Amino acid sequence: MATYEYRCRDCGRFEVRLPIGTASAVFDCPECRSPASRVFSSPYLSQVSPTTARARSREEQSREAPEVVTSVPAPRRRQPPHPALQRLPRP
Ligand SMILES: [Zn+2]
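Below is the structure:
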């Protein structure tokens, strides 16, 4: 069995457990019975670091409700190159 994710236009996302390879592109929503399209997302990985999990969660949220800014973000300060790079041979 595998978990497949679908998205209904009115009710949102829901998951369905089906035998592997049997998921169709459209599945009826359990709430309103209208056809919902399949959503492809990364599989759950138990060894994901908290930083990666936060980044993935933020990325998933931005699909539905992107963050809105009111001003242009400040440019990032460029970090100096690592000192070891100075010792590398030059052509
Ligand atoms: Zn629905």
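The opening residue of the sequence shown carries number 1 in UniProt numbering; numbering runs sequentially from there.
Glycine residues also receive a C-beta, built at the ideal position from the N, C-alpha and C atoms.
Keep in mind that this is a model prediction, so the values were computed, not measured.
Scanning ILE20, TYR4, SER42 and PRO80 for the CA closest to the CA of ASP28 turns up TYR4. For GLU5, the enclosing beta strand (DSSP E) stretches over residues 2 to 8.
At least one heavy atom of ligand 1 lies closer than 8 Å to the C-beta of ARG9. At the C-beta level, PHE14 and PRO30 come within 9 Å of one another. 9 Å or more divides the Cβ of GLU64 from the Cβ of SER41. For SER57, the uninterrupted alpha helix (DSSP H) run begins and ends at 50 to 64, by DSSP. Ligand 1 never approaches ARG63 closely enough for any of its heavy atoms to be under 8 Å from the residue's Cβ. Annotation for PRO83: the continuous alpha helix (DSSP H) segment containing it runs 83 to 86.
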